[in-house]
Amino acid sequence: MIQASPNRFPDSEEWRGSIDRNRDLALILALGGILVAILVPLPGAIMDALLGVNIAVSVLILLTVVYLRGPLEFAAFPSMLLIATLYRLALNIATTRLVLSRANEEGTFAAGKVVHFFGEFVSGSNAVVGFIIFSVLVVIQFLVVTKGASRIAEVAARFSLDRMPGAQMAIDADLTAGNISASEARLAREDLALKADFYGAMDGASKFVRGDAIAAVLITTINIFGGILLGVFSYGLNFKEAVKVFTTLTIGDGIATQLPALFISVAAALMVTRASSRGQVGHALVGQVFANPRALFITAMILILLSAIGLSPMALGGLAVVLLTLAFFKAGNPKGSGKLESLATAKKLESLPALENSDSAAMATISADSEIFRYPLALELGAGLHSLIQPENGPKVGVAIETLRQKFRKRLGIDLPAVKVSINPQLNRREYQISLRQIIAARGVIEGPMNFLCEGGSRSLSGVVGQNGIHPVTGENGKWVDEDEAIMRRGLGSRCHGGQELVLLHLESVAMSHAPELLTRSEVQILLDHLHEGAKPLVQELIPTVFSLAEFQRVLQGLLAERVSLRDLEKVLEALGEVAIEWPEASRRPVEAVVEKVRIRISRSICASLANSEGEIHCLSLAPEVEQKIYESRLQGIAGSAPEMAPEAHRAIIDSVRSSLGDLESSGVQGVILCSPDLRISIKKLLEKEVPTAAVLSYNEIAHGFTVKSGGIASVDLC
């Protein structure tokens, strides 16, 4: 009986896995090949193959740069530039050896067929023409492309280093304000460091390109004059024959190596000049150059005028007709057409509805009003996310934001202000950003409008096919999957969010984190005006006679900063009345102390927002030594001041609290930190930068009717 051999041919997956595991061998082989080309004489056939690889790699690098969305997608470019330069220099050495040693025997085929082809094709029957063309090519590369790219790389590296401190401070400020999570801040810092390293490396790598161009001129000079001398005095050639052979070989060698060098120089120039733009270079160029119909029309008129005076009427007239057609098309369709994903498409959705507080706000209608100051919140989407505005399945963005507004009012008791939704062509296609009063508060990326992000640990998602992603609000790891996979994962208990849902969750998170900023003086007055008639005497008694409107606003903002609802505003006013009796002098009423007094008097509302359906509050306590450390670290012992302690102790406490709260959340309950009254503000200030959503309650704020359930003790070894 014949049995199958246990040895089998590896399938494609095994080949792919083997290649992925041995990628580093490619660099070793490349460096080894460079060394061999320098030291070992190579036959013409192998030289042809190496020159072909040089051309292919240079074209591949150029096209890769063209299709990049951001410079960091090709962060290895400076290293690639160095290797490519060394490779070209090795080829120059190898071809020079062949040119000078074999020209007497093989003539113009001494360095292979590639060098022969370029030499004959460019020179033809006149070596002077070939030399001039080669010189022009070198001048273009050295004086134009390389010199400009080198200067831009130098300036970009300098500016990148100069703005690093400010960018780091901005990241810290966003983290402190709760705009971004700790994981997002870490990624932002890493991205900032990578950009600085990249531009610094590009500054140095551009010098390699410039040096390569200088070396090409010197090598050409050596090949021509050295070859002529060898041909005449060593090989017995007459002067005319020596000039023809060695000039043709030198020009062929120069073109074969400098043409790829020009491609890579252009790639380097594109890389450093596109750093300020987003998206692919081709999309940006076509979209921006041909976006203005007036410019197209004027250009066409100039071409018609030139053709009328006899300057190639056929060519210029034909081009003018093309430009006029394009101009009329643009003028007739100023907002773009079809499904073009370019700047013209983005113009189509340039101004979308600002969803205001009215019953009709749910209906998305295009607004021509561009006064951004009317809309404190702005949601800007990349061109690739325009389907989130009016998806085929699910609610329109207007309906979804109106639902979010109702949820926001129910949770905090204030209105979510107008939200302006628009397409921003400057963003990457699948990127979005949320701005508060024209200042960017958060950014995010959606893998695809019809894709879903499934949350879960690496173990629970290990078998899921999809692209890795991070939840923009929670910072949890997840995977982007299609709709069918999302339905299946939901059936297994995983949380999966669609693109529109993720954006709105992020918008809600930003609005909740910046609720104090959204509560303006006018909004406070509106809240007071909308109180029922029975509460009017209380308002007249307190505001502005006892508390100024500004002081009242600061108290409300202090409550909102910890996500305390203002729905029962009358109770807040009554609490302020009691505080006024205790502290009749306004100068002796610090806002933080007033907020603490108010919190105790509205403790039922606070506890209700933190308790489960059975009235249970799962509390996390701090170990006595931790509370003692915080107590001793308060600035000059002032109650409510931010603790100042060693970074190691600070980090240890943060990590312990975050881990303990995470354990409670993973079990399905909301964790609350319970502490003594005189430490509550200090603990909140200690945690607000890195755990901004952590709720901190004092013992005095546990209202009657609620039960405290121990959720553990956060302990730290502070020795």
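Numbering-wise (the working numbering), the sequence shown opens with residue 678 and increments by one. Note that beta-carbon positions come from the ideal geometry of N, C-alpha and C, so glycine has one too.
task = Hey, could you find the ends of the beta strand (DSSP E) Ile1279 is sitting in?
result = On the sequence shown, position 602 is the one that residue 1279 refers to. In the DSSP annotation of this structure, Ile1279 is not part of any beta strand (DSSP E), being labelled neither H nor E.
query = Leaving out the 5 sequence neighbours to the left and right, which residues in its chain are closer than 7 Å to Lys665 when beta-carbon positions are compared?
reply = There is simply no residue 665 to check, as the chain begins at 678 and stops at 1396 in what is shown.
key: Collapsed DSSP secondary structure at Thr1042 in the structure displayed   = Indexing the sequence shown from 1 puts residue 1042 at position 365. Note that Thr1042 has pLDDT 36, beneath the 50 cutoff, so the model's placement of it is unreliable and the number below is only indicative. Coil at Thr1042, not helix or strand.
request  = Look up Phe1383 in the DSSP assignment and say whether it is helix, strand or coil.
outcome  = Position 706 of the sequence shown, counted from the first residue, corresponds to residue 1383. If DSSP states are grouped into helix, strand and coil, Phe1383 belongs with coil.
message = Below 8 Å, how does it come out for the stretch 895 to 902 and the stretch 862 to 875: are there three or more Cβ pairs, yes or no?
response = Three or more Cβ pairs closer than 8 Å define a contact, and the stretch 895 to 902 falls short of that threshold against the stretch 862 to 875.
ask   = Of the choices Val1241, Glu1239, Arg1278, whose alpha-carbon is the least far from that of Leu1253?
value = Taking the first residue of the sequence shown as 1, we reach residue 1253 at position 576. The candidate whose alpha carbon is nearest that of Leu1253 is Arg1278.
query = Within this structure, are the beta carbons of Leu996 and Leu980 separated by less than 8 Å?
reply = In the sequence shown, the residue the question calls residue 996 occupies position 319. In the sequence shown, the residue the question calls residue 980 occupies position 303. In contact: Leu996 and Leu980 (Cβ atoms closer than 8 Å).
ask   = Can Val1232 and Val1272 be called in contact, C-beta distance under 8 Å?
value = For this step, residue 1232 is matched to residue 555 along the sequence shown. For this step, residue 1272 is matched to residue 595 along the sequence shown. In contact: Val1232 and Val1272 (Cβ atoms closer than 8 Å).
query = From which residue to which residue does the alpha helix (DSSP H) around Asn769 run?
reply = As a working mapping, residue 769 is identified with position 92 in the sequence shown. Unbroken alpha helix (DSSP H) run through Asn769: 754 to 783.
query = Taking C-alpha atoms, which residue in Leu759, Asp889, Gly1339 lies nearest to Ile820?
reply = Working through the sequence shown from its first residue, we reach residue 820 at position 143. Reading the sequence as shown, one finds Leu at residue 820 and not Ile. Leu820 has its Cα closest to that of Asp889, out of Leu759, Asp889, Gly1339.
Those residues which DSSP pairs with Cys1352 across a bridge = Here residue 1352 refers to the residue found at position 675 when the sequence shown is read from its first residue. Cys1352 is bridged to Ser1375.
inquiry  = With the cut-off set at 8 Å, would you say Ile732 and Ile770 are in Cβ contact?
reply    = As a first step, residue 732 is located in the sequence shown; it is residue number 55 there, counting from the start. As a first step, residue 770 is located in the sequence shown; it is residue number 93 there, counting from the start. With respect to the 8 Å criterion, Ile732 and Ile770 are not classified as neighbours on the basis of their beta carbons.
request  = Check the DSSP bridge columns for Tyr1109 and list the partner residues they point to.
outcome  = By one-based count along the sequence shown, residue 1109 stands at place 432. DSSP output for Tyr1109 lists Leu1058, Gly1121 as bridge partner(s).
Assumed close pair Leu1297, Ser1337 - CB separation to whole angstroms, cut-off 8 Å = For the purposes of this step, residue 1297 is taken as the residue at position 620 of the sequence shown. For the purposes of this step, residue 1337 is taken as the residue at position 660 of the sequence shown. Rounded, the Cβ-Cβ distance is 5 Å, consistent with contact.
query = Does DSSP put Lys917 in a helix, a strand or coil?
reply = The sequence position of residue 917 within the sequence shown is 240, counting from 1. In this structure, Lys917 counts as helix in the three-state DSSP scheme.
query = For Asn1399, which beta-bridge partners are listed by DSSP?
reply = In the structure displayed, the chain extends from 678 to 1396; residue 1399 sits before or after that span and is not available.
Residue from Tyr912, Gly1168, Glu797 with nearest C-alpha to Asn781 = Residue mapping note: residue 781 aligns to position 104 of the sequence shown, counting from 1. Closest option to Asn781, Cα to Cα, is Tyr912.
ask   = Does DSSP put Leu1297 in a helix, a strand or coil?
value = Residue numbering aside, residue 1297 sits at position 620 when the sequence shown is read from its first letter. If DSSP states are grouped into helix, strand and coil, Leu1297 belongs with the strands.
key: Cβ shell of Cys1173 (< 6 Å), same chain only, five flanking positions each side left out   = In the sequence shown, the residue the question calls residue 1173 occupies position 496. Hits under 6 Å: Phe1129, Cys1131, Ala1163, Arg1166, Arg1167.
key: Three or more C-beta pairs below 8 Å linking the stretch 1142 to 1157 and the stretch 1195 to 1205   = Contact fails: fewer than three Cβ-Cβ distances are below 8 Å.
task = Report the option in Thr897, Val966, Asp1206, Arg835 whose CA atom is closest to the CA atom of Tyr876.
result = As a working mapping, residue 876 is identified with position 199 in the sequence shown. Proximity to Tyr876 across Thr897, Val966, Asp1206, Arg835 peaks at Arg835, based on C-alpha coordinates.
key: At least three beta-carbon pairs within less than 8 Å, the stretch 1381 to 1394 to the stretch 1338 to 1353   = Yes, since at least three Cβ pairs between the stretch 1381 to 1394 and the stretch 1338 to 1353 fall closer than 8 Å, the two stretches touch.
inquiry  = In whole angstroms, give me the CA-to-CA distance for Lys1007 and Ile1147.
reply    = The residue given as residue 1007 occupies position 330 in the sequence shown. The residue given as residue 1147 occupies position 470 in the sequence shown. Roughly 40 Å between the two C-alpha positions.
Candidates Ile1116, Glu1108, Gln1115, of which the one nearest Glu1124 by Cα = Stepping through the sequence shown from its first residue, residue 1124 is reached at position 447. Looking at Ile1116, Glu1108, Gln1115, the one whose alpha-carbon comes closest to that of Glu1124 is Glu1108.
key: beta strand (DSSP E) segment containing Glu1218, residue limits   = To locate residue 1218, count along the sequence shown from 1; it is residue 541. It is not in any beta strand (DSSP E) - Glu1218 instead sits in the alpha helix (DSSP H) that spans 1213 to 1219.
request  = Report buried or exposed for Met991, applying the criterion of at least 16 other Cβ atoms within 10 angstroms of its Cβ.
outcome  = Walking along the sequence shown from the start, residue 991 turns up at place 314. Of the other Cβ atoms in all chains shown, fewer than 16 fall within 10 Å of the Cβ of Met991; this residue is therefore exposed.
inquiry  = Considering only their Cβ atoms, is the gap separating Thr823 from Arg1430 smaller than 8 Å?
reply    = Since the first and last residues shown for the chain are 678 and 1396, residue 1430 lies out of range.
query = Is Pro1301 buried or exposed, if buried means 16 or more other CB atoms sit within 10 Å of its CB?
reply = Here residue 1301 is taken as the residue at index 624 of the sequence shown, counted from 1. Per the 10 Å Cβ criterion, exposed.
key: Simplified DSSP state of Pro990, which is helix, strand or coil   = Here residue 990 refers to the residue found at position 313 when the sequence shown is read from its first residue. Looking at Pro990 - three-state DSSP - the assignment turns out to be helix.
ask   = Should Arg971 be labelled buried (16 or more other beta-carbon atoms within 10 Å of its own) or exposed?
value = One-based indexing of the sequence shown puts residue 971 at position 294. The residue is exposed, with fewer than 16 neighbouring Cβ atoms inside 10 Å.
key: Cβ separation of Ala946 and Gly789, assumed to be a contact under 8 Å, to the nearest whole Å   = Here residue 946 refers to the residue found at position 269 of the sequence shown. Here residue 789 refers to the residue found at position 112 of the sequence shown. Ala946 to Gly789, Cβ: 30 Å. No contact.
request  = Throw me the rounded Cβ distance for the Leu1208 and Glu1153 pair, which I believe falls under 8 Å.
outcome  = Here the question's residue 1208 lines up with position 531 in the sequence shown. Here the question's residue 1153 lines up with position 476 in the sequence shown. So it is not a contact: roughly 41 Å between Cβ atoms.
C-alpha distance - Gly1177 paired with Asn1377, whole-angstrom precision = On the sequence shown, position 500 is the one that residue 1177 refers to. On the sequence shown, position 700 is the one that residue 1377 refers to. The sequence given here has Gln at residue 1177, not Gly. Rounded to whole angstroms, the separation of the alpha carbons of Asn1377 and Gln1177 is 41 Å.
request  = Within the same chain, show all residues whose beta-carbon is closer than 7 Å to that of Ser896, passing over the 5 residues directly before and after it, in chain order.
outcome  = Indexing the sequence shown from 1 puts residue 896 at position 219. Contrary to the premise, residue 896 reads as Ile rather than Ser in this sequence. Result list for Ile896: Asn769, Thr773, in chain order.
task = Have a look at Asp1161, Glu1262, Asp930 and flag the residue whose alpha-carbon is nearest the alpha-carbon of Ser1225.
result = Taking the first residue of the sequence shown as 1, we reach residue 1225 at position 548. Per the Cα distances, Glu1262.
query = Shorter than 8 Å from the beta carbon of Gly929 to some beta carbon of chain C?
reply = In the structure shown, chain C does not exist; there is a single protein chain.
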